[in-house]
């Protein structure tokens, strides 16, 4: 079945870049997503990338996709304390409807 | 602003009672809504997929008689936890699949409902 793996924790200093990595198994996923969850809140869609793209940049966010290795990464430039949250990567399930999530990477930003 | 709302945001109930959670898409019509459950320090687990006007499709291991889902309109889906027990305490998140102007169709998530069963 589909599976999405992420490292669980990342700690960075304010102003540094953060890189959150994710691997997935379903090569038929059309889109891959990054969601952000702040404490006690729901999920916020940060960005997504179409499976035929290698890279997508959106302000401080850069998404890199290596489809051959089924590896997805999210880079946050100039990380701020407000970026502290749990970041989930997700892929579509085989039916292409529901999302399959990784366990989430907790990003801790210290000043 | 929020495009998917959930109500209530928090609920505490006694064991054995039923709790209804509403999920509404605010700016678009959602033919498909999803219900997820999030355990502490765990990822989101898909519980069921709900299509407007038809029966929900439940994931393996999810009791359909315990977690009743109704998707009566294109903007509203409800999850009823029947005869709730303490092990049902969790964070329940709905999402609605739809397309906002200028944005690829994707899932928009509600803010979640924290259920505590005493």
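Residue numbers (our numbering), protein chains in the order written: chain H, 279 to 389; chain F, 137 to 254. For each residue, glycine too, the CB sits at the ideal point set by N, CA and C.
Proximity test, Cβ basis, 8 Å: residue i and chain H
i, result
"residue 246 (chain F)", "yes"
"residue 233 (chain F)", "yes"
"residue 229 (chain F)", "yes"
"residue 243 (chain F)", "yes"
"residue 170 (chain F)", "yes"
Given residue i as reference, the closest of the options once Cα atoms are compared
i, options, result
"residue 189 (chain F)", "F:196, F:173, F:213", "F:213"
"residue 295 (chain H)", "H:351, H:313, H:376, H:301", "H:351"
"residue 293 (chain H)", "H:308, H:355, H:369", "H:355"
"residue 150 (chain F)", "F:142, F:205, F:221, F:201", "F:221"
"residue 303 (chain H)", "H:349, H:357, H:385, H:388", "H:349"
"residue 332 (chain H)", "H:324, H:338, H:319, H:347", "H:347"
"residue 316 (chain H)", "H:378, H:380, H:359", "H:359"
"residue 389 (chain H)", "H:334, H:357, H:305, H:378", "H:357"
"residue 210 (chain F)", "F:251, F:233, F:145, F:152", "F:233"
"residue 157 (chain F)", "F:244, F:164, F:226", "F:226"
"residue 336 (chain H)", "H:330, H:353, H:329, H:345", "H:353"
"residue 368 (chain H)", "F:242, F:249, F:143", "F:242"
"residue 375 (chain H)", "F:223, F:217, F:185", "F:185"
Residue-chain proximity (residue i, chain F), Cβ-Cβ < 8 Å
i, result
"residue 301 (chain H)", "no"
"residue 310 (chain H)", "no"
"residue 409 (chain H)", "No information on residue 409 (chain H) is available, as it lies outside the stretch 279 to 389 that chain H covers here."
"residue 381 (chain H)", "yes"
Straight-line Cα distance separating residue j from residue i
i, j, result
"residue 361 (chain H)", "residue 382 (chain H)", "14 Å"
"residue 246 (chain F)", "residue 321 (chain H)", "7 Å"
"residue 208 (chain F)", "residue 313 (chain H)", "28 Å"
"residue 174 (chain F)", "residue 204 (chain F)", "18 Å"
"residue 253 (chain F)", "residue 154 (chain F)", "10 Å"
"residue 141 (chain F)", "residue 202 (chain F)", "23 Å"
"residue 323 (chain H)", "residue 187 (chain F)", "22 Å"
"residue 327 (chain H)", "residue 183 (chain F)", "25 Å"
"residue 378 (chain H)", "residue 340 (chain H)", "21 Å"
"residue 228 (chain F)", "residue 206 (chain F)", "15 Å"
"residue 198 (chain F)", "residue 168 (chain F)", "18 Å"
"residue 380 (chain H)", "residue 285 (chain H)", "9 Å"
"residue 191 (chain F)", "residue 338 (chain H)", "42 Å"
"residue 291 (chain H)", "residue 387 (chain H)", "5 Å"
"residue 200 (chain F)", "residue 283 (chain H)", "28 Å"
"residue 345 (chain H)", "residue 330 (chain H)", "8 Å"
"residue 288 (chain H)", "residue 364 (chain H)", "10 Å"
Whole-number beta carbon distance between residue j and residue i, since they are thought to touch under 8 Å
i, j, result
"residue 366 (chain H)", "residue 179 (chain F)", "7 Å"
"residue 194 (chain F)", "residue 231 (chain F)", "Contact flag wrong, Cβ pair sits at about 16 Å."
"residue 301 (chain H)", "residue 370 (chain H)", "Going by Cβ atoms, the distance from residue 301 (chain H) to residue 370 (chain H) rounds to 16 Å, so no, they are not a contact pair."
"residue 310 (chain H)", "residue 343 (chain H)", "7 Å"
"residue 147 (chain F)", "residue 251 (chain F)", "5 Å"
Below-8 Å beta-carbon distance, residue i vs any chain B residue
i, result
"residue 175 (chain F)", "This model lacks chain B altogether, as its protein chains are H and F."
Closer than 7 Å: residue i CB and nearest the ligand PLP heavy atom
i, result
"residue 282 (chain H)", "Ligands in the displayed structure: none, and consequently the ligand PLP is not present."
### Query
Taking Cβ-Cβ distances below 7 Å as the criterion, which residues of the region 204–220 of chain F are in contact with chain H?
Going along the region 204–220 of chain F in chain order, one finds no residue with a Cβ nearer than 7 Å to chain H.
### Contact residues within the region 356–376 of chain H, judged by C-beta distance below 9 Å to chain F
The residues in question are 366, 368, 371, 373, 375, 376.
### Query
Going along the chain, which residues of the region 140–168 of chain F sit with their C-beta nearer than 7 Å to a C-beta in chain H?
Taking a C-beta cut-off of 7 Å against chain H, the contacting residues of the region 140–168 of chain F are 168, listed in chain order.
### Contact set between the region 177–188 of chain F and chain H, restricted to residues whose Cβ is under 7 Å from the partner
So the close ones are 178, 179, 180, 182, 185.
### Task
Could you name the residues of the region 306–331 of chain H whose beta carbon sits closer than 9 Å to any beta carbon of chain F, in the order they occur along the chain?
For chain F, the residues of the region 306–331 of chain H that bring a beta carbon within less than 9 Å of one of its beta carbons are 309, 311, 313, 315, 318, 319, 320, 321, 322, 323, 326, 328, in chain order.
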